[in-house]
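Written below as structure tokens is the structure these notes are about.
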Amino acid sequence: MTSPIPRSIVVAAHPKLANALQEAETICDYLKQKGIEADCGSLNDESLRKRIHAGEFDLLIAVGGDGTMLRAGNLCAPHNIPILGVNKGRLGFLFQIEEGGWQKMIAQLLAGDFWVENRMMLHAEHRRAGESLGVWQAVNDVVVARGQFLRPIHIHASVDGQYLTTYVADGLIASTATGSTAYALAAGGPILPPEVRNILLIPIAPHLSVDRGVVLSEGSVVSITILSENAILSVDGQIPTGLAEDDRVDVHAGENTVKFIRFGDPGYFYRNLTAHMNQNEISGFPQ
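Following my numbering, the numbering of the sequence shown begins with 259 at its first residue and continues without gaps.
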């Protein structure tokens, strides 16, 4: 399949990951040699971010780990800028290009031999006494969890205004399909194909309460009300926000979509998944 070839590309690197910026500069030089307008820098570079917001680029190449891809997704999604990831991290669920293998894939990119995968995001809003205190978008997940004290919290959950259950747990994850291979997976949730537009609700270490995940449709609105003190809100693993008793977090499908550059057939997801899930297999055991 042939897609429009990007003509202006920014290569953005994780600012603290070893050799990421150096790799970004090498990729940038390669693109310039191929006649592509290219620039590079740290993903945290404010001037570079302003240029992305201004629509100066039609593709972002993210060099780093899964966290870099999440930050790139939040940055690019509102502007419909696709993202191509070059993995410099450990896991790489969001990547097709592993470290050292980017030249072949970028050659395919410049030949138009790629496709764009669209992934749903979440919209989260923190409310207190009817007032909105903050709005976020999430590529992976929205997590309400206990804070510094080692005791479970009580969480009232409703879907489309109808009571679902009250969790007594360390927390509750509202996840996209993308996030189903992240924290939600570690908490025992199912793995969803990346293109589906469902919301997962996964309790974290539930105590004598519902211990199964719930899969909701795209149009659902989840309301999470805190019935305890000592709770926090974290979106895509970023710095948490403190929650007070009776605070509410509303979550629904977001207005933006993350676009990832992909190569080959859609079966890449299951090949990546199998490779990651088999990391702990006993050597020599038959496959």
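From the three backbone atoms N, C-alpha and C, an ideal C-beta is built for every residue, glycine too.
Original post:
With DSSP run on the structure shown, which of helix, strand or coil describes G323?
Top reply: coil
Original post:
When the Cα atoms are used, what is the spatial distance from S541 to E453?
Top reply: A caution first: S541 carries a pLDDT of 42, below 50, which makes its placement in the model unreliable, though a value can still be read off. Rounded to whole angstroms, S541 to E453 spans 33 angstroms at the Cα level.
**OP:** Return the chain-ordered list of same chain residues with a C-beta closer than 6 angstroms to the C-beta of G392, the five sequence neighbours on each side being excluded.
**Re:** H384
Original post:
Run through DSSP, which three-state label would T434 get?
Top reply: coil
**OP:** Just the C-alpha distance for N456 and N332, rounded to the nearest angstrom, thanks.
**Re:** 19 angstroms
Original post:
Name the DSSP bridge partner or partners of G546?
Top reply: Since the first residue shown for the chain is 259 and the last is 545, residue 546 is missing from the structure and cannot be characterised.
**OP:** Determine contact between the stretch 307-316 and the stretch 278-286, defined as no fewer than three beta-carbon pairs at a distance below 8 angstroms.
**Re:** no
Subject >> Supposed close pair P451, V426 - CB separation, criterion 8 angstroms >> reply: With 8 angstroms as the limit, P451 and V426 do not qualify as a contact, their Cβ atoms being about 31 angstroms apart.
**OP:** Could you give the DSSP three-state label for I339: helix, strand or coil?
**Re:** coil
Original post:
Exposed or buried, what is G437 when buried is set at 16 or more other beta-carbons lying within 10 Å of its beta-carbon?
Top reply: buried
Original post:
Helix or strand or just coil, what does DSSP make of D316?
Top reply: coil
**OP:** Compare the C-alpha of I411 against each of V397, T423, D428 and name the closest.
**Re:** D428
**OP:** Using the Cα positions of T499 and L422, report the straight-line distance between them to the nearest angstrom.
**Re:** 24 angstroms
Original post:
Smallest Cα separation from P340: which of N488, V269, E503, S416?
Top reply: V269
**OP:** Just tell me which of G293, A489, W360, M363 has its CA closest to the CA of F407.
**Re:** A489
Original post:
DSSP three-state call for Q291: helix, strand or coil?
Top reply: helix
**OP:** Count the other C-beta atoms from every protein chain shown that fall within 10 angstroms of the C-beta of T532, then say buried if there are 16 or more, exposed otherwise.
**Re:** exposed
Original post:
Secondary structure at H414, three-state DSSP: helix, strand or coil?
Top reply: strand
Original post:
Are Y288 and Q354 close, meaning C-beta to C-beta below 8 angstroms?
Top reply: no
Subject >> Run of the alpha helix (DSSP H) containing S481, from where it starts to where it stops >> reply: Counting along the chain, S481 falls outside any alpha helix (DSSP H), though it belongs to the beta strand (DSSP E) covering 479-484.
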